[in-house]
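Numbering of the sequence shown is given in the numbering used here, commencing with residue 4 and proceeding in unit increments. For every residue, glycine included, the Cβ atom is placed at its ideal position computed from N, Cα and C. Computed from a prediction, not measured in an experiment: that's the story for all the values here.
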Amino acid sequence: MKIFVDTANIEEIRQAWEWGLIEGVTTNPSLVSKEGKRFSDVLDDICDIVDGPVNAEVVSTDYEGMMREGRELAKINRRIVVKVPMTAEGLMASKSLSSECIRTNMTLVFSSNQAILAAKTGAAYVSPFIGRLDDIGNEGMQIVREISQIYRNYGFRTEILVASVRNPIHVLEAAKLGADVVTLPFGVLKQMMRHSLTDAGLERFLKDWEKVPR
Ligand code: E4P
Numbered sequence: 004m005k006i007f008v009d010t011a012n013i014e015e016i017r018q019a020w021e022w023g024l025i026e027g028v029t030t031n032p033s034l035v036s037k038e039g040k041r042f043s044d045v046l047d048d049i050c051d052i053v054d055g056p057v058n059a060e061v062v063s064t065d066y067e068g069m070m071r072e073g074r075e076l077a078k079i080n081r082r083i084v085v086k087v088p089m090t091a092e093g094l095m096a097s098k099s100l101s102s103e104c105i106r107t108n109m110t111l112v113f114s115s116n117q118a119i120l121a122a123k124t125g126a127a128y129v130s131p132f133i134g135r136l137d138d139i140g141n142e143g144m145q146i147v148r149e150i151s152q153i154y155r156n157y158g159f160r161t162e163i164l165v166a167s168v169r170n171p172i173h174v175l176e177a178a179k180l181g182a183d184v185v186t187l188p189f190g191v192l193k194q195m196m197r198h199s200l201t202d203a204g205l206e207r208f209l210k211d212w213e214k215v216p217r
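Take a look at the structure:
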């Protein structure tokens, strides 16, 4: 399972990349707006650091606008994957951009039926938002289970990118279901590393080491 980091913050991306733990980045308009920089500058900075897919979202809601933005984004760097929203126009744009060899990510996916349509467009990734489903009392991971089975049944090549991840349990569940990618907020990436027994064990080892004659 590949790990992407879900942030537009350069310091977080740089740190995660230096740790050698991530293979790509996802951003969205809300994450970009927190940074107070021009979108293209944010993307340039990310692409300078990360040698992997960098997901950047269009904000047009009409087909022509999405196509225009998608082509512009793809020109910034060949590693950019264009995120399009799961609407009729988004599906059309995903199909057209894919046919121009511009990779797409169908985002804001909340049902397995939407994921079937995303795969039909030739999208490189489909992004089920599991945390937001959990928030409204659904079991978000259930759709990852279904999408995995459906994609396997028909050999769809679209990769399942588990998004809206809120905690390490989500990561574990995604991994058990064989998701292709999980995109993590920086905080969840750090949570995954930590265990109180690791900290206590290291402290004891270092204390005992002081007693070793030098
Ligand atoms: C994915 O690409 C999205 O940026 C993201 O995972 C959304 O997560 P949220 O529901 O925490 O905003």
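Checklist entry - Which residue comes first and which comes last in the beta strand (DSSP E) that contains residue 96? => result No beta strand (DSSP E) contains residue 96, which is instead part of the alpha helix (DSSP H) from 91–102.
Checklist entry - Is it buried or exposed for residue 51, if we count other Cβ within 10 angstroms and need 16 for buried? => result exposed
Checklist entry - Sorry if obvious, but does the Cβ on residue 132 come closer than 7 Å to a heavy atom of the ligand E4P? => result yes
Checklist entry - Going by alpha carbons, who is nearest to residue 109 out of 31, 192 and 48? => result 31
Item to check | Helix, strand or coil at residue 109 [DSSP, three-state] | outcome: strand
Checklist entry - Secondary structure at residue 200, three-state DSSP: helix, strand or coil? => result The answer is helix: DSSP assigns residue 200 an H, G or I state.
Next on the checklist: Here's the rule: buried if 16 or more other CB atoms are within 10 angstroms of the residue's CB, otherwise exposed. What is residue 173?
Outcome noted: buried
Checklist entry - Is there contact between the stretch 168–185 and the stretch 147–155, where contact requires at least three CB pairs shorter than 8 Å? => result yes
Item to check | 3 or more residues per run - each beta strand (DSSP E) lying fully within the stretch 110–172 | outcome: 128–131 and 162–165
Item to check | Own chain, CB closer than 7 Å to residue 92, minus 5 neighbours either side, in chain order | outcome: 64, 65, 66 and 69
Checklist entry - By DSSP, does residue 183 sit in helix, in strand, or in coil? => result coil
Checklist entry - Hey, how far is the Cα of residue 216 from the Cα of residue 208? => result 15 Å
Checklist entry - Does any heavy atom of the ligand E4P sit closer than 7 Å to the C-beta of residue 76? => result no
Item to check | 8 Å Cβ cutoff met for residue 192 and residue 8 | outcome: yes
Item to check | Distance between residue 117 and residue 188 (C-alpha atoms, nearest Å) | outcome: Near 24 Å, if we compare the C-alpha coordinates of residue 117 and residue 188.
Checklist entry - Between which two residues does the alpha helix (DSSP H) carrying residue 6 extend? => result Element bounds for residue 6: not the alpha helix (DSSP H) but the beta strand (DSSP E), 5–9.
Checklist entry - Closer than 7 Å: is that where the CB of residue 170 sits relative to any heavy atom of the ligand E4P? => result no
Checklist entry - What do you reckon, is the C-beta of residue 110 under 7 Å from a heavy atom of the ligand E4P? => result Yes, the ligand E4P has a heavy atom inside 7 Å of this Cβ.
Item to check | residue 78 - DSSP class collapsed to helix/strand/coil | outcome: helix
Next on the checklist: Whether or not the stretch 14–26 and the stretch 34–41 are in contact is what I'm after, with contact meaning three or more pairs of Cβ atoms, one per stretch, closer than 8 Å; do they touch?
Outcome noted: no
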